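Read the structure below first, then the notes.
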Amino acid sequence: MNSFDKHHLNDNHCFLCGELLSKKNRSDEHVIPEWIQREHNLWDKKLALLNHTLIPYRQLKIPCCRKCNNESLSQMENEISKFLKRKFESPTKQDEYKLFQWASKILYGLLYKEMSLASNLAQRATGSIVPKEFLENLLTFHHFMTSIQRPFNFVNFTPYSIFIVETLTFDDSEKNFDYFDFVTIGNLGNEADALMLALRVQHYGIICVFQDNGFQKQFFQKQFDRFQGIPLHPIQFLELACKTAYKHSLLTFSPRYSSLIPDFNSNNSEITVIPITFPDENIWASWDNDTYEKLFFSIAKNTGFGALLPDSLYIGEKHLTWLDDGHGNPLKMI
Ligand SMILES: [Zn+2]
158 MNSFDKHHLN
168 DNHCFLCGEL
178 LSKKNRSDEH
188 VIPEWIQREH
198 NLWDKKLALL
208 NHTLIPYRQL
218 KIPCCRKCNN
228 ESLSQMENEI
238 SKFLKRKFES
248 PTKQDEYKLF
258 QWASKILYGL
268 LYKEMSLASN
278 LAQRATGSIV
288 PKEFLENLLT
298 FHHFMTSIQR
308 PFNFVNFTPY
318 SIFIVETLTF
328 DDSEKNFDYF
338 DFVTIGNLGN
348 EADALMLALR
358 VQHYGIICVF
368 QDNGFQKQFF
378 QKQFDRFQGI
388 PLHPIQFLEL
398 ACKTAYKHSL
408 LTFSPRYSSL
418 IPDFNSNNSE
428 ITVIPITFPD
438 ENIWASWDND
448 TYEKLFFSIA
458 KNTGFGALLP
468 DSLYIGEKHL
478 TWLDDGHGNP
488 LKMI
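Per my numbering, residue 158 is the first one in the sequence shown, and the count goes up by one each step.
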């Protein structure tokens, strides 16, 4: 079985390694880790899927073999929970890589759930409603996610941009968690599909942009560095996440990769990945305020910020922002 054969969107295979599941080896993997659901009392809270249906967090489970669940996934979860439970510290490159893998599992899990629900419905109706290209892109997404269990060498690049910021915490632990994602399936008129996930857990805000080959990180890390030592209010984190998501949707090229896989069957053999497509002069198409505003409100409406939000983000050309104090300095909110 090679890495690309492991990608199954059905209930009979492990979502990660592709192993056929039987009564003996079958288990469920929680998309949002149980420790997070416990600490933030999420079990019965509901998350909006892409088609706007609401599903309780506790039901967000995907089929997984016992081996993956008890070995690579549980090891990853231990490392991540240790990292996220400690006092805020700037992440190392290695921490960022681990968080990328963890974020990949969460977003893949949600898309998996989404697509299996959609295709169940579609089978009864008109066939697949998920464009084939999107599944192909997801194949690459899945391939990179298998770095959870085997070594990958991304040669002189990372396929993702990840931003980690310090966020404010509140006495009520339920207020110390947020989740939003942004997924376009070729519907914003750009070439590439865009996938982004943002999570706020305790002191940590994590924004991960998938398959942008690290360009946002390269150009915009400094926007995040301005907030060093200034923990972000949840609404500031929301704004940064929405800006990152919109920017990602403007990517002008479709990232494609070449993977060298010396031994398909060995989980120890390292996979070498190089990018084979590159942007021309402009990495992103030009920013459009109206489209950004639409995206912002579409994400924000699923958060608890309703009462804090204005009707519009723009008064003429003036942009309402929670990030700036009006004199070019980062705004400190409490
Ligand atoms: Zn497995």
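All C-beta atoms in this analysis are idealised placements derived from N, C-alpha and C, irrespective of residue type, glycine included.
Predicted model, so just to flag it, every value in this text is computed and none were measured.
Query                                                                                                                    : Result
Element boundaries [alpha helix (DSSP H), containing H405]                                                               : 391-406
Near ligand 1: E196 beta-carbon under 6 angstroms from a heavy atom                                                      : no
Same chain, Cβ closer than 6 angstroms to S415, five either side skipped, listed in chain order                          : I431, I433
Stretch-stretch touch, CB-based, cutoff 8 angstroms, three pairs: the region 318-335 with the region 438-445             : no
Close-in-space but distant-in-sequence residues of the same chain around R307 (CB under 6 angstroms, 5 per side omitted) : N424
When S273, F314, D201, E271 are compared against Y254, the one with the closest alpha-carbon                             : F314
Cross-strand partners of I431 (DSSP beta bridge)                                                                         : S415
Given 8 angstroms, three or more beta-carbon pairs between the region 261-275 and the region 381-390                     : no
Nearest residue (CA-CA) to V322, options E331, T249, V312                                                                : T249
CB contact check: P190 to chain C, cutoff 7 angstroms                                                                    : Absence of chain C from the displayed structure is noted, only one protein chain being present.
Extent of the continuous beta strand (DSSP E) run through T341                                                           : 334-341
Which residues DSSP lists as bridging V322, in chain order                                                               : G362
Which residues DSSP lists as bridging K218, in chain order                                                               : H187
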